[in-house]
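**Q**
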Amino acid sequence: DDQPTSLLCSTISSSLASSLPVSSPLSSSSAQRRGGMNRGPRLVETDVEQHGHNNQEDDVSSSLLDPRHGKAPLAGEKGVLMAGDGHQESVRSKGLKLVACFAGLQGSYVTWGFVQEMVMTQRYENGAFFPSTVFLVCANRSLALCVAGALMLYKARVLKQPGAKAPFYQYSPCSISNIVSSWAQYECLKYVSFPTQTLFKSSKVIPVMLVGKFFHKKSYPWIEYLEAVGITLGVALFMITEKHSKKAADQDSFLGVLILCVYVFCDSFTSQWQDRVYKTYHVDQYAMMFGVNTFSFLFCASNLMWTGEMATSLAFLVDNPKALVNVITLAFTSATGQLFIFYTIKQFGPIVFTIMMTTRQVVSLVISCIVFGHSLGLAAIFGTTVVFAVLFYRTKRKYDAFAARN
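Take a look at the structure:
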């Protein structure tokens, strides 16, 4: 969402492929124990070069292909699995980790989506809405910056693995687009419902393909276009037939769709630019997180000071303690979600991660409809089913393709 939709997923996928830590499951000794499976990074490059896959959340399964991901763990003794570091790990232990990752991702991002909708659509004690969308983005970025800085220090000081560096200004373009996409993600809820936002975000594979094809000359197999068409039709059917619990002016609804378009295209640019920085300077995920969040925090804080929204928002938080709790919850769940994303992909690979995140979208949509009273007609439900069916099919197709190659 706010972070993981492009920043985190493209961060993880590119950096794991190009800069594996010493303790990685793909270290040479571990790879040799697995029968020379140390060609994983090359599989990643081949897949990206030939098929034009990008590093969006929807395509994280293709950009993280390595010999461990997408396949069942190697069997050891009876009832035992081989852990990533070569040690034997029981099925029970692995199962508990899987449950913990699922609960962590669902808890973090379902809560994040619920509080996001509440902050943007509900009035507080004084009868007013939250005054500044930029302040919410700034709060999230400030905590994310602290997390990224702590991870960089841990890797450099404790693990003794300092990463490559890029000119710091290289992080600014994707930081700006990331701020705009995050702002749009919040702001659109003033004009469209949360289910509409969720379904529309699922269609971001379309602008990603457009940007890749026309600006980076990438090619895509025909099945990718069919999937994009299926998602588009499902989203269009949903938006045409959705019955809102309260009527909004046509101009407001159209403005909400425009803001959603800004979100998906800025999100697409963010991942494409990050991919360029990864390939050029070979930085790791922590450096990318730190650089992008640093610029994002500075840009947001400067805007808030210039417009006076910083003082207005702080005063609003003082007058409305519930709003303060909501802002802290948004920042905290965004940060914990980032950590669970890293851990889930490291332990179980991108296929499992993608299934979990798609499931999270379904859960968030259902909770939003129940709690906030969004009424969906049969056609809207059918459109929703089409979108998520295509997303799950994409995940299965990528898994089958990888399994066939290995």
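Letter by letter, the sequence shown follows residues 987 to 1392 in our numbering. We put the beta carbon where it would ideally sit given N, CA and C, even for glycine. Please read all numbers here as calculations on a predicted model, not as lab measurements.
To the nearest angstrom, report how far apart TYR1206 and GLN1258 are at their CA atoms.
**A** The residue you call residue 1206 lines up with position 220 of the sequence shown. The residue you call residue 1258 lines up with position 272 of the sequence shown. If you take the alpha carbons of TYR1206 and GLN1258, they lie about 16 Å apart.
**Q** In terms of alpha-carbon separation, which member of SER1282, TYR1267 and ILE1314 lies closest to PRO1153?
**A** Taking the first residue of the sequence shown as 1, we reach residue 1153 at position 167. Comparing Cα positions, the closest option is TYR1267.
**Q** Taking its Cβ as the centre, do 16 or more other Cβ atoms sit within 10 Å of ILE1337, making it buried, or is it exposed?
**A** Mapped onto the sequence shown, residue 1337 falls at position 351. Result: buried.
**Q** To which residues of the same chain is ALA1125 closer than 6 Å at the C-beta, ignoring the five residues directly before and after it?
**A** In the sequence shown, residue 1125 corresponds to position 139, counting from 1. For ALA1125, where only same-chain residues beyond five positions count, the Cβ hits under 6 Å are VAL1313 and ALA1317.
**Q** Between the C-alpha atoms of ALA1222 and PRO1148, what's the straight-line distance to the nearest angstrom?
**A** Start at 1 with the first residue of the sequence shown, and residue 1222 comes out as number 236. Start at 1 with the first residue of the sequence shown, and residue 1148 comes out as number 162. Each residue's Cα considered, the two are about 47 Å apart.
**Q** Per DSSP, SER1161 forms a beta bridge with which residues?
**A** Along the sequence shown, one-based indexing puts residue 1161 at 175. The partner list for SER1161 (beta bridge, DSSP) is empty, contrary to what the question assumes.
**Q** Taking the beta carbon of TRP1208 as the centre, do at least 16 other beta carbons fall within 10 Å, making it buried, or is it exposed?
**A** One-based indexing of the sequence shown puts residue 1208 at position 222. Classification for TRP1208: exposed.
**Q** Measuring only the C-alpha atoms, how far is LYS985 from ARG1143?
**A** Beyond the ends of the chain as shown, which are 987 and 1392, falls residue 985; an answer cannot be given.
**Q** Could you spell out where the alpha helix (DSSP H) holding GLU1213 opens and where it closes?
**A** As a first step, residue 1213 is located in the sequence shown; it is residue number 227 there, counting from the start. Its alpha helix (DSSP H) spans residues 1208-1227.
**Q** To the nearest angstrom, report how far apart VAL1194 and SER1254 are at their CA atoms.
**A** The sequence position of residue 1194 within the sequence shown is 208, counting from 1. The sequence position of residue 1254 within the sequence shown is 268, counting from 1. Rounded to whole angstroms, VAL1194 to SER1254 spans 5 Å at the Cα level.
**Q** Any idea what DSSP makes of SER1118, helix, strand or coil?
**A** Taking the first residue of the sequence shown as position 1, residue 1118 is located at position 132. Note: SER1118 maps to coil in three-state DSSP.
**Q** Which residues bound the alpha helix (DSSP H) around ASP1386?
**A** Position 400 of the sequence shown, counting from 1, holds the residue named residue 1386. That run of the alpha helix (DSSP H) goes 1364-1391.
**Q** What does the Cβ neighbour count give for MET1291, buried or exposed, with the cut at 16 atoms within 10 Å?
**A** Position 305 of the sequence shown holds residue 1291. Exposed, by the Cβ-count rule.
**Q** Cutting at 8 Å between CB atoms, please list the residues of its own chain near PHE1285, excluding the five before and the five after it.
**A** As a first step, residue 1285 must be located in the sequence shown, where it is residue number 299. Taken in chain order, the residues that qualify are SER1161, ILE1162 and ILE1165.
**Q** Using the three-state DSSP reduction, which class does SER1188 fall into: helix, strand or coil?
**A** On the sequence shown, residue 1188 is found 202 positions in, with the first residue counted as 1. Helix.
**Q** By a C-beta neighbour count over all protein chains shown, 10 Å radius and 16 as the cutoff for buried, is ALA1375 buried or exposed?
**A** Residue numbering aside, residue 1375 sits at position 389 when the sequence shown is read from its first letter. So ALA1375 ends up on the exposed side.
**Q** Can you tell me whether ILE1356 is buried or exposed, with buried defined as 16 or more other CB within 10 angstroms of its CB?
**A** Sequence index remark: in the sequence shown, residue 1356 carries index 370 (1-based). Under this definition ILE1356 is an exposed residue.
**Q** For PHE1378, I'd like the list of residues in its chain whose CB is within less than 7 Å of its CB, leaving aside the five on either flank, ordered along the chain.
**A** In the sequence shown, residue 1378 corresponds to position 392, counting from 1. Closer than 7 Å at the Cβ level, and outside the excluded window around PHE1378, lie THR1344.
**Q** Roughly how many angstroms separate the alpha carbons of PHE1115 and LEU1303, rounded to a whole number?
**A** Numbered from 1 along the sequence shown, position 129 holds the residue referred to as residue 1115. Numbered from 1 along the sequence shown, position 317 holds the residue referred to as residue 1303. So the alpha carbons of these two residues sit roughly 11 Å apart.
**Q** Go through its chain and collect everything with a Cβ distance to PHE1100's Cβ below 8 Å, but skip five positions before and after it.
**A** Translated into the one-based positions of the sequence shown, residue 1100 becomes position 114. So the list reads SER1350, ILE1353, SER1354 and VAL1357, once near-sequence residues are dropped.
**Q** Go ahead and label LYS1384 buried or exposed: buried means 16 or more other beta carbons lie within 10 angstroms of its beta carbon, across all protein chains shown.
**A** Indexing the sequence shown from 1 puts residue 1384 at position 398. That one is buried.
**Q** Over what stretch of residues does the alpha helix (DSSP H) that includes GLY1113 continue unbroken?
**A** By one-based count along the sequence shown, residue 1113 stands at place 127. That residue, GLY1113, is in no alpha helix (DSSP H); it is neither H nor E in DSSP.
**Q** Can you list, in chain order, the residues of its chain whose CB lies under 7 Å from that of ASP1305, leaving out five sequence neighbours each side?
**A** Here residue 1305 refers to the residue found at position 319 when the sequence shown is read from its first residue. Within the same chain, ASP1305 has close Cβ partners ASN1112.
**Q** Alpha carbons only, please: which of MET1296, SER1128, VAL1373 and GLU1210 is nearest the one belonging to ALA1321?
**A** Mapped onto the sequence shown, residue 1321 falls at position 335. Of MET1296, SER1128, VAL1373 and GLU1210, the residue nearest in Cα terms is SER1128.
**Q** DSSP three-state label for SER1350, please.
**A** Position 364 of the sequence shown holds residue 1350. SER1350 falls in the helix class under three-state DSSP.
**Q** Helix, strand or coil for SER1179, going by three-state DSSP, please let me know.
**A** Here residue 1179 refers to the residue found at position 193 of the sequence shown. In this structure, SER1179 counts as coil in the three-state DSSP scheme.
**Q** Determine whether the beta carbon atoms of TYR1110 and ALA1309 lie at a separation below 7 Å.
**A** Numbered from 1 along the sequence shown, position 124 holds the residue referred to as residue 1110. Numbered from 1 along the sequence shown, position 323 holds the residue referred to as residue 1309. Yes, they are a contact pair.
**Q** How many Å lie between ASP1044 and LEU1362 at the Cα?
**A** To locate residue 1044, count along the sequence shown from 1; it is residue 58. To locate residue 1362, count along the sequence shown from 1; it is residue 376. Model confidence at ASP1044 stands at a pLDDT of 35, short of 50, so the residue's coordinates are unreliable; what they give is reported in the following sentence. So the alpha carbons of these two residues sit roughly 25 Å apart.
**Q** In or out: TYR1272 buried (at least 16 other Cβ within 10 Å) or exposed?
**A** Residue mapping note: residue 1272 aligns to position 286 of the sequence shown, counting from 1. The residue is buried, with at least 16 neighbouring Cβ atoms inside 10 Å.
**Q** Return the Cβ separation of PHE1186 and SER1299 in integer angstroms, given the expectation that the two are a contact with Cβ distance under 8 Å.
**A** The count along the sequence shown starts at 1 and reaches residue 1186 at position 200. The count along the sequence shown starts at 1 and reaches residue 1299 at position 313. The Cβ separation is near 27 Å, so there is no contact.
**Q** Mind listing, in chain order, the continuous alpha helix (DSSP H) runs of no fewer than 4 residues lying wholly within the segment 1279-1305?
**A** Runs of the alpha helix (DSSP H) inside the segment 1279-1305: 1295-1305.
**Q** So the candidates are LEU1196, GLY1090 and PHE1281; which of them puts its Cα closest to the Cα of VAL1123?
**A** Within the sequence shown, numbered from 1, the residue matching residue 1123 stands at position 137. Considering only alpha carbons, the answer is PHE1281.
**Q** Can you list, in chain order, the residues of its chain whose CB lies under 7 Å from that of CYS1247, leaving out five sequence neighbours each side?
**A** Start at 1 with the first residue of the sequence shown, and residue 1247 comes out as number 261. So no residue of the chain qualifies.
**Q** Taking the alpha helix (DSSP H) that VAL1250 falls in, what are its first and last residues?
**A** Taking the first residue of the sequence shown as 1, we reach residue 1250 at position 264. Note, VAL1250: alpha helix (DSSP H), 1236-1267.
**Q** Determine the direct distance from the alpha carbon of ALA1089 to that of LEU1082, and round the result to whole angstroms.
**A** Here residue 1082 refers to the residue found at position 96 of the sequence shown. Here residue 1089 refers to the residue found at position 103 of the sequence shown. Answer to the nearest angstrom: the Cα atoms are 10 Å apart.
**Q** Taking TYR1107 as the reference, give the member of ALA1365, GLY1359, THR1381 and ILE1367 with the closest Cα.
**A** The sequence position of residue 1107 within the sequence shown is 121, counting from 1. A small correction: the amino acid at residue 1107 is Thr; Tyr does not occupy that position in the sequence shown. Comparing Cα positions, the closest option is GLY1359.
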